[in-house]
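Just so we're aligned, residue 0 is where the sequence shown starts under numbering that gives the first Met the number 0, counting upward by one.
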Amino acid sequence: MDIENKTIVITGASKGLGRETAIHLSQKNANVILVARTELLLQQVQEEIKTLTGKAPLIIKCDVASESEVNQMATIIKEKYHRIDVLVNNAGFALYRVSENISNQEMRRHFEVNFFGAYYCIKALLPLIKQSEAGYILNIGSLFSQIALAENSVYAATKFALAGFTEGLRHELRPLSIGVGILLPGPMNTSFQDSREENALKAPEFIALDPKKVVVVLEKMIRRRKKKVILPRWMMMALKMRYR
């Protein structure tokens, strides 16, 4: 898929990997649409993209965990665009504690953002994705879509669910020529890693991924409409050997 002039929706676009994805793809002349909960941070990314490209992308304040807000977001997009070529479901939430110390409300928030958020966005935007000649949905999972450790059991459960949904959805949408992929990255040097509590499980800084390098892989996934990429693959093998 050629990215130039393609319309790409990115959730969780105000910081971390979502922010880097928006900036990177906009510099490839994609028409990016930025979706996130915090309008001020969205405006900052919008201004940075405008400075780099001369074009201010559409930004939409939306909590993907809210079905009504997602539907409103889809309505705004439909008023301005006739199609969506790519949807990147990047919004995420995590607390790193043993499950006994996670409240039921916090557990539900994990699923509302990490699983139902992606589901709501796909369902709301699928009519526009169907209008693309080669639509593609990219869900951002995690290495913990494949293996769970102490202190991330609830987070991992949401990512396992997302991985399973992605696989089934790929078969559902194949007759429509819509590709569905999942990126499974390890820990990254983003606020997602920095926001962990003081005693929570943290990846050593030397193995944390640079989000600027991750977006290069993400771009290749979109161009090639790839099904799944594990990044880095050696980390998955090491985790399975260590915790099997």
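The beta carbon of each residue, even a glycine, is placed where N, CA and C say it ideally should be.
Predicted model only: the values in this text are computed from it and were never measured.
Buried versus exposed call for residue i [16 or more other C-beta atoms within 10 Å across all chains shown]
i: C104; result: Cys is not the amino acid found at residue 104; the sequence shown has Gln there. That one is exposed.
i: K5; result: buried
i: E78; result: exposed
i: V69; result: buried
i: S102; result: exposed
i: I121; result: buried
i: N100; result: exposed
i: E19; result: buried
i: I32; result: buried
Cβ neighbours of residue i in the same chain (closer than 7 angstroms, five flanking residues each side left out)
i: T52; result: S25 and Q26
i: I221; result: M0, I2, V85, Y135 and L137
i: A117; result: N88, N138 and L161
i: V179; result: I136, T165, L168, R169 and L172
i: F110; result: T157
Three-state class that DSSP yields for residue i in the structure shown
i: V31; result: strand
i: M184; result: A quick correction: the sequence has Pro, not Met, at residue 184. In the structure shown, P184 sits in a strand (DSSP, three-state: E or B).
i: K122; result: helix
i: K227; result: strand
i: T10; result: strand
i: G15; result: helix
i: I177; result: coil
i: I221; result: helix
i: K49; result: helix
Distance between residue j and residue i (C-alpha atoms, nearest Å)
i: S67; j: G185; result: 32 angstroms
i: L175; j: G11; result: 27 angstroms
i: L230; j: A90; result: 18 angstroms
i: Y154; j: A55; result: 34 angstroms
i: R224; j: L39; result: 32 angstroms
i: L148; j: R232; result: 17 angstroms
i: L182; j: V228; result: 5 angstroms
i: S144; j: K219; result: 21 angstroms
i: Q45; j: L57; result: 8 angstroms
i: L41; j: L125; result: 24 angstroms
i: T37; j: A133; result: 31 angstroms
i: V8; j: I177; result: 15 angstroms
i: K129; j: Y119; result: 16 angstroms
Close beta carbons around residue i, own chain, < 8 angstroms, minus the five adjacent residues each side
i: Q215; result: In the sequence as presented, Gln is not what sits at residue 215; that position holds Val. Around V215: H23.
i: I108; result: The sequence as given places Arg at residue 108; Ile does not occur at that position. Cβ within range, chain order: A64 and F92.
Residues near residue i in its chain [Cβ-Cβ closer than 6 angstroms; skip 5 each side]
i: A123; result: V69, N70 and A73
i: S194; result: Any reading at S194 must be qualified, since the residue scores a pLDDT of 48, below 50, and its modelled position is unreliable; the value itself is stated next. Counting only Cβ-Cβ distances below 6 angstroms, and skipping sequence neighbours, we find nothing.
Review point. Which runs of the beta strand (DSSP E) fall wholly inside the stretch 130 to 161 and span at least 3 residues, in chain order?
Key: Here the runs fully enclosed are 135 to 139.
**Study point:** beta strand (DSSP E) runs contained entirely in the stretch 69 to 107, provided each spans 3 or more residues
**Key:** Fully enclosed beta strand (DSSP E) runs of 3 or longer: 85 to 88.
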